[in-house]
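Read through the structure below, which is laid out as structure tokens, and then see the notes.
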């Protein structure tokens with residue numbers, strides 16, 4: 001939280017909570033959809049603003065306090081002397097009885113001329129297909145779905161994914177790996193061996209592959225390899241072996257049958273940006 005001297009100026013609505021200022025800040029920190037809180041001039045009530053509800057806040061040096069929740073990771077553990085001029089944050093709306101998960105993002109900037117913070121919201125974003133997983137990456141929210149189909153090549157499933165306005169997804173985290181492995185059978189995933197690495201043993205691990213996934217991290221943690229993989233094949237898949245182990249391995253881009261794996265490669269991990277719902 002960043003606490004500064006200010007007051008809400010333009011907003012849609014807010015909730016009033018009977019909390020002290022410290023309790024108010026703590027509640028915002030632990031409540032996913034909190035964007036900002038305001039103490040009020042009396043200091044005895046807590047005005048709670050959900051993501052998207054606050055549009056403009058004005059600087060006010062009369063002693064009132066406003067707090068903004070931001071997601072920045074400061075390199076120092078010491079709070080800055082001055083409040084930052086901007087920031088960003090987000091929340092997720094989760095519906096446990098369904099697969100639906102929605103992202104609400106916001107950013108704010110400071111306008112020196114008007115001495116005000118201006119807030120912009122993404123609106124409520126969700127995944128266009130269902131059941132589809134919505135994940136938060138360092139580069140932003142990302143949707144993944146694992147459609148099935150006929151046994152086919154990597155190029156064929158890439159074309160199918162493009163029809164959904166998506167690309168073969170990489171696996172950015174263990175959370176994404178665990179989601180993708182719940183798909184049916186073994187699954188094509190994003191990753192094609194770099195031309196400079198074809199037939200060369202000097203290219204090691206994930207560094208030998210390139211990806212079209214636009215938000216995949218530089219060092220993703222979701223590629224949990226089968227023992228001894230990758231070797232010399234040019235595409236990647238999440239495979240479920242006959243010994244019940246699940247992991248990533250390099251496979252032929254054109255052959256959908258993988259040794260020690262029952263069935264064939266038919267499903268694929270298709271990734272896309274969430275859309276306004």
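In full-length UniProt numbering, the protein residues as written are 1 to 277. Think of the CB as a built atom: it goes at the ideal place given N, C-alpha and C, for glycine as much as any other residue. Values in this document were obtained by computation on a predicted structure and should not be read as measured data.
I need the straight-line Cα distance from residue i to residue j, nearest angstrom please.
{"i": "residue 114", "j": "residue 21", "result": "27 Å"}
{"i": "residue 272", "j": "residue 144", "result": "7 Å"}
{"i": "residue 237", "j": "residue 131", "result": "20 Å"}
{"i": "residue 112", "j": "residue 245", "result": "58 Å"}
{"i": "residue 19", "j": "residue 204", "result": "56 Å"}
Go to residue i, then tell me how far its alpha helix (DSSP H) extends in each direction, as first and last residue.
{"i": "residue 122", "result": "Taken as a continuous stretch (DSSP letters only), residue 122 belongs to no alpha helix (DSSP H), being part of the beta strand (DSSP E) at 116–126."}
{"i": "residue 253", "result": "Premise fails: residue 253 is in no alpha helix (DSSP H) and is neither H nor E."}
{"i": "residue 280", "result": "Residue 280 lies beyond the range of the chain shown here (1 to 277); nothing can be said about it."}
The beta strand (DSSP E) with residue i in it runs from where to where?
{"i": "residue 146", "result": "Residue 146 -> no beta strand (DSSP E), and no H or E assigned at all."}
{"i": "residue 235", "result": "235–240"}
{"i": "residue 3", "result": "2–4"}
{"i": "residue 111", "result": "101–111"}
{"i": "residue 137", "result": "133–137"}
Within the same chain, show all residues whose beta-carbon is closer than 6 Å to that of residue i, passing over the 5 residues directly before and after it, in chain order.
{"i": "residue 225", "result": "247 and 248"}
{"i": "residue 277", "result": "124 and 126"}
{"i": "residue 133", "result": "144 and 179"}
{"i": "residue 128", "result": "275"}
{"i": "residue 45", "result": "16"}
{"i": "residue 190", "result": "168, 169, 170, 211 and 213"}
{"i": "residue 188", "result": "154, 157, 237, 265 and 268"}
Please work out which residues of its chain come closer than 8 Å, Cβ to Cβ, to residue i, disregarding the five sequence neighbours upstream and downstream, and give them in chain order.
{"i": "residue 256", "result": "151, 152, 153, 264, 265 and 266"}
{"i": "residue 75", "result": "A caution first: residue 75 carries a pLDDT of 46, below 50, which makes its placement in the model unreliable, though a value can still be read off. So no residue of the chain qualifies."}
{"i": "residue 97", "result": "Summary for residue 97: the model assigns pLDDT 47, below 50, so the residue's position carries little reliability, and this model does not support an answer."}
{"i": "residue 92", "result": "32, 101, 102, 103, 104, 134 and 136"}
{"i": "residue 106", "result": "35, 51, 52, 88, 89, 90, 119, 120, 121 and 122"}
Give me the DSSP bridge partner(s) of residue i.
{"i": "residue 34", "result": "50"}
{"i": "residue 10", "result": "56"}
{"i": "residue 88", "result": "107"}
Quiz prompt | Runs of beta strand (DSSP E) lying entirely within the segment 179–245, each at least 3 residues, in chain order | solution = If we require 3 residues or more, the beta strand (DSSP E) runs fully inside the segment 179–245 come out as 186–193 and 235–240.
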